Amino acid sequence: MLKQFWQKLFGNSSATEKQREVVVVPRSEHNISRQDISVNALKVLNRLRKSDYDAYLVGGGVRDILLGFHPKDFDIATNATPEQIKRLFRNCRIIGRRFKLAHILFGHEIIEVATFRASHNEASPHGEQSESGMLVRDNVYGSIEDDAWRRDFTVNALYYSINDFSVIDFTGGLEDLRKGQLRLIGDPITRYREDPVRMLRAIRLAAKLGLKIEEKTAEPIFDQGQLLTNVSAARLWDESHKLLLAGKSHDTFLELKRYELFKQLFPATQSALDDDPKQRFIRFVEASLQSTDKRIAEEKPVTPAFLFSVFLWAPLKVRVNELTEQGMSKNDAYHKAMTQVLTEQSQFISIPRRFSIVIREIWSLQPRLENRSHRAYKLLEHPRFRAAYDFLVLRAVGNEQLQSTASWWTRYQEAPPEGQRKMTQALTKSNKRGGKRRYNRKRKPNKNPTAQ
Ligand code: ATP
Ligand code: MG
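In this text, residue positions in the sequence shown follow this note's numbering: the first is 7, and each later residue adds one.
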């Protein structure tokens with residue numbers, strides 16, 4: 007039915023950008039029902055309308071419903087200024103420096119309300135740009151049409167009106183949705199220069215929605231990746247979070263690598279992947295990404311700390327080796343390497359302290375898990391045991407030697423206390439036997455070394 011609706015609307019026509027007519031699709035001809043929209047977003051839309059402001063649902067909310075997905079959040083666009091919005095809602099907070107936005111808070115749900123803004127290119131001496139062409143500030147208010155043209159992708163610039171429930175399309179987003187493509191509004195290189203994060207958004211949204219990145223939108227990404235160095239490490243933390251924890255991290259990772267953007271975000275990881283002759287690290291990384299996606303699909307909790315600890319594991323080991331070769335003890339080298347690797351990564355993506363602590367804990371537990379001492383039960387009580395164990399199991403995917411250790415821990419957790427005691431005793435005995443054998447061999451060399 008949806009297909010018929012697209013065909014009825016567009017046939018096989020393809021209008022050229024900017025000259026296109028505004029398309030207004032009435033309620034009877036699209037699939038967005040108020041039941042798909044959060045009650046709180048509807049409250050905000052209705053209150054704005056009752057106060058005689060224009061109010062529209064826009065962005066991911068409209069796009070996702072049209073595609074048949076459940077939106078993860080709802081963004082609203084209006085002609086009310088942030089101050090006017092604040093006057094209407096007691097639970098409103100104004101945020102943002104680069105973009106001033108109103109957040110209306112309903113418990114855990116935040117409805118983001120943005121005032122229509124104009125594209126700085128046409129309307130504004132006010133939109134500030136840096137030397138590289140990056141937009142530093144663009145709080146220039148405009149009409150709904152201006153607002154549509156300054157958005158990133160055509161499919162993100164569709165407006166659902168709370169007045170008559172129609173969908174309004176200024177930039178050709180409906181046609182692109184029908185074609186299953188993600189297309190930047192305007193000249194791609196200029197738009198990437200204004201905000202290099204759009205390259206990451208292209209990859210993230212294409213993976214999330216199963217859309218193809220249109221050719222002219224895709225092509226410049228290969229050459230413009232280094233623009234990401236102009237983006238603050240704090241903003242890249244937020245973006246990396248969205249890239250890795252939206253349920254499509256494996257596909258997203260493969261695409262980031264293909265477009266050569268991964269190296270801009272995780273240069274040390276990329277070097278380790280480039281020098282991975284046995285393919286152990288890549289197998290570990292891919293297994294971890296797939297496991298994260300599975301956890302998200304099963305609605306299990308995930309933390310960005312886990313994938314960061316995976317990505318930086320091979321760089322950590324390289325650094326530990328370098329430091330031990332310089333004569334440092336293994337333990338000291340391990341601790342110093344953790345600090346160095348995390349500090350270096352933070353120049354690209356700043357890792358908040360509460361997450362870097364978790365990363366260090368996951369790493370610190372690895373040698374202890376590998377050793378399996380008689381105090382194994384103590385490790386079970388460690389708040390980070392579970393994450394560290396999952397990490398070990400995934401390491402074992404790329405490393406056969408670790409597989410028996412990982413499965414030992416799997417059995418150990420499931421065993422009753424008596425069984426656990428026997429397991430560690432058996433371990434101590436076999437360690438002792440191993441030690442004795444080695445000792446004996448040294449004292450009594452085999453007289454017939456070929457007979458084995
Ligand atoms: P999702 O919320 O599912 O991740 P989204 O497209 O809604 O996807 P948001 O970050 O919530 O993403 O942004 C809301 C809308 O704001 C977008 O749909 C887009 O119209 C606009 N937008 C977001 N980021 C940019 C950007 N960097 N440049 C231009 N417009 C943007
Ligand atoms: Mg959104």
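Backbone N, C-alpha and C define an ideal beta-carbon position, used for all residues, glycine too. None of the values given here were measured: they were computed from a predicted structure.
message: Quick check: the Cα distance between His-132 and Glu-331, rounded to an integer number of angstroms?
response: Counting from 1 along the sequence shown, the entry for residue 132 is found at position 126. Counting from 1 along the sequence shown, the entry for residue 331 is found at position 325. Residue placement at His-132 is flagged as unreliable, the pLDDT there being 46, under the threshold of 50; a coordinate-derived value is accordingly withheld.
query: Who are the near neighbours of Ser-167 in its chain, counting only those whose CB is closer than 7 Å to its CB and skipping five residues on each side?
result: Within the sequence shown, numbered from 1, the residue matching residue 167 stands at position 161. Answer for Ser-167: Tyr-62 and Ile-174, listed in chain order.
message: DSSP three-state label for His-109, please.
response: As a first step, residue 109 must be located in the sequence shown, where it is residue number 103. His-109 falls in the strand class under three-state DSSP.
task: Keeping to the same chain, check which residues put their C-beta closer than 6 Å to that of Gln-230; ignore five residues upstream and five downstream.
output: Counting from 1 along the sequence shown, the entry for residue 230 is found at position 224. Contacts found: Tyr-198.
message: Please classify Gln-270 as buried or exposed, where buried requires at least 16 other C-beta atoms within 10 Å of its C-beta.
response: Along the sequence shown, read from residue 1 onward, the residue named residue 270 stands at position 264. Gln-270 is buried by the Cβ-count criterion.
query: If you check the beta carbons only, do Thr-411 and Glu-376 fall under 8 Å apart?
result: Locating residue 411 in the sequence shown gives position 405, where the first residue counts as 1. Locating residue 376 in the sequence shown gives position 370, where the first residue counts as 1. Yes. Within cutoff.
message: Just to confirm my understanding: we take Asp-281, look at its own chain, exclude 5 residues before and 5 after, and list those with CB closer than 6 Å. What are they?
response: Here the question's residue 281 lines up with position 275 in the sequence shown. Same-chain partners within the cutoff: there are none.
message: Count Cβ pairs between the stretch 360-371 and the stretch 298-313 that sit closer than 8 Å; are there 3 or more?
response: yes
- request: With a 10 Å radius around its C-beta and 16 neighbouring C-beta atoms as the bar for buried, classify Ala-214 as buried or exposed.
  value: The residue given as residue 214 occupies position 208 in the sequence shown. What sits at residue 214 in the sequence shown is Lys, not Ala. Label assigned to Lys-214: buried.
field: When Arg-427, Thr-298 and Phe-259 are compared against Leu-279, the one with the closest alpha-carbon
entry: The count along the sequence shown starts at 1 and reaches residue 279 at position 273. For Leu-279, the nearest C-alpha among the options comes from Phe-259.
- prompt: Which residues in the same chain have their Cβ closer than 7 Å to the Cβ of Thr-223, if we skip the five residues on either side of it in sequence?
  reply: As a first step, residue 223 is located in the sequence shown; it is residue number 217 there, counting from the start. Excluding positions up to five away in sequence, the list reads Leu-188, Arg-189, Leu-190, Pro-194 and Ala-208.
task: Kindly examine ligand 1 and report whether one of its heavy atoms sits closer than 7 Å to the Cβ of Arg-204.
output: Your numbering for residue 204 matches position 198 in the sequence shown. Checking every heavy atom of ligand 1 against the Cβ of Arg-204, one is found closer than 7 Å.
message: Quick check: the Cα distance between Leu-249 and Leu-234, rounded to an integer number of angstroms?
response: By 1-based counting over the sequence shown, the position of residue 249 is 243. By 1-based counting over the sequence shown, the position of residue 234 is 228. The alpha-carbon atoms of Leu-249 and Leu-234 are separated by roughly 15 Å.
message: By the three-class DSSP mapping on this structure, what secondary structure does Arg-26 have?
response: As a position in the sequence shown, residue 26 is number 20, starting the count at 1. Coil at Arg-26, not helix or strand.
- prompt: Should Gly-179 be listed as close to ligand 1, given that the test is whether its C-beta is under 7 Å from any heavy atom?
  reply: Working through the sequence shown from its first residue, we reach residue 179 at position 173. Not under cutoff, so the answer is no.
- prompt: What is the DSSP secondary structure of Leu-217, reduced to helix, strand or coil?
  reply: Along the sequence shown, one-based indexing puts residue 217 at 211. Coil.
- prompt: With 16 as the cutoff for other CB atoms within 10 Å, does Pro-88 come out buried or exposed?
  reply: Numbered from 1 along the sequence shown, position 82 holds the residue referred to as residue 88. It is buried - the Cβ of Pro-88 has at least 16 other Cβ atoms within 10 Å.
- prompt: Does at least one heavy atom of ligand 1 sit under 7 Å from the Cβ of Asn-162?
  reply: The residue you call residue 162 lines up with position 156 of the sequence shown. Under cutoff, so the answer is yes.
- prompt: Straight-line CA distance for Met-205 to Val-237?
  reply: By one-based count along the sequence shown, residue 205 stands at place 199. By one-based count along the sequence shown, residue 237 stands at place 231. Those two C-alpha atoms are separated by around 12 Å.
task: Quick one: measure Cβ to Cβ for Leu-318 and Gln-351, integer angstroms, because I've assumed they're closer than 8 Å.
output: Numbered from its first residue, the sequence shown carries residue 318 at position 312. Numbered from its first residue, the sequence shown carries residue 351 at position 345. Their Cβ separation, rounded to whole angstroms, is 6 Å, which keeps Leu-318 and Gln-351 in contact under 8 Å.
- prompt: Of all the options Glu-225, Tyr-165, Arg-157 and Asp-396, which has the alpha carbon lying nearest to the alpha carbon of Leu-295?
  reply: Residue mapping note: residue 295 aligns to position 289 of the sequence shown, counting from 1. Checking every option, the nearest Cα to that of Leu-295 belongs to Asp-396.
The alpha helix (DSSP H) enclosing Glu-420, as first and last residue numbers: Within the sequence shown, the letter at position 414 stands for residue 420. Counting along the chain, the alpha helix (DSSP H) containing Glu-420 begins and ends at 406-420.
- prompt: Assuming Val-50 contacts Leu-164 under a Cβ cut-off of 8 Å, what Cβ separation, rounded to an integer in Å, is found between them?
  reply: Reading the sequence shown from its first residue, position 44 is the one you call residue 50. Reading the sequence shown from its first residue, position 158 is the one you call residue 164. Val-50 to Leu-164, Cβ: 18 Å. No contact.
message: Would Ser-218 and Gly-192 be called neighbours here (beta carbons separated by less than 8 Å)?
response: As a first step, residue 218 must be located in the sequence shown, where it is residue number 212. As a first step, residue 192 must be located in the sequence shown, where it is residue number 186. Residue identity differs from the one stated: residue 218 is Lys in this sequence, not Ser. Taking 8 Å as the Cβ cut-off, Lys-218 and Gly-192 do not qualify as a contacting pair.
query: Cβ-heavy atom distance between Gly-231 and ligand 2 below 7 Å?
result: Looking up residue 231 in the sequence shown gives position 225. No.
message: Please give the ranges of any alpha helix (DSSP H) in the stretch 229-286, keeping only runs that are unbroken, at least 4 residues long and fully inside the region.
response: 239-250, 255-264, 268-271 and 273-280
- prompt: Near Ala-240, what residues of its chain come up, given a Cβ to Cβ distance below 8 Å and the 5 sequence neighbours on each side ignored?
  reply: Reading the sequence shown from its first residue, position 234 is the one you call residue 240. Hits under 8 Å: Ser-356.
message: At a threshold of 7 Å, does Asp-81 count as lining ligand 2 (C-beta to nearest heavy atom)?
response: Looking up residue 81 in the sequence shown gives position 75. Indeed, a heavy atom of ligand 2 lies less than 7 Å from the Cβ.
message: Distance check for Glu-328 and Gly-216, CA to CA, integer angstroms please.
response: If you number the sequence shown from 1, residue 216 lands on position 210. If you number the sequence shown from 1, residue 328 lands on position 322. Rounded to the nearest angstrom, the two C-alpha atoms are 43 Å apart.
message: Which of the three DSSP states is assigned to Phe-159 in this structure?
response: Locating residue 159 in the sequence shown gives position 153, counting from the first residue. Of the three classes helix, strand and coil, the one that applies to Phe-159 here is strand, per DSSP.
Any C-beta of chain C under 8 Å from that of Ser-125: Judged by its chain identifiers, the structure shown contains no chain C, having just a single protein chain.
message: Suppose contacts are defined by Cβ-Cβ distances below 8 Å. Is Thr-275 in contact with Pro-321 by that definition?
response: Here the question's residue 275 lines up with position 269 in the sequence shown. Here the question's residue 321 lines up with position 315 in the sequence shown. Yes, these two residues count as a Cβ contact at 8 Å.
- prompt: Does DSSP put Glu-34 in a helix, a strand or coil?
  reply: Locating residue 34 in the sequence shown gives position 28, where the first residue counts as 1. Looking at the sequence shown, residue 34 is not Glu but Ser. If DSSP states are grouped into helix, strand and coil, Ser-34 belongs with the helices.
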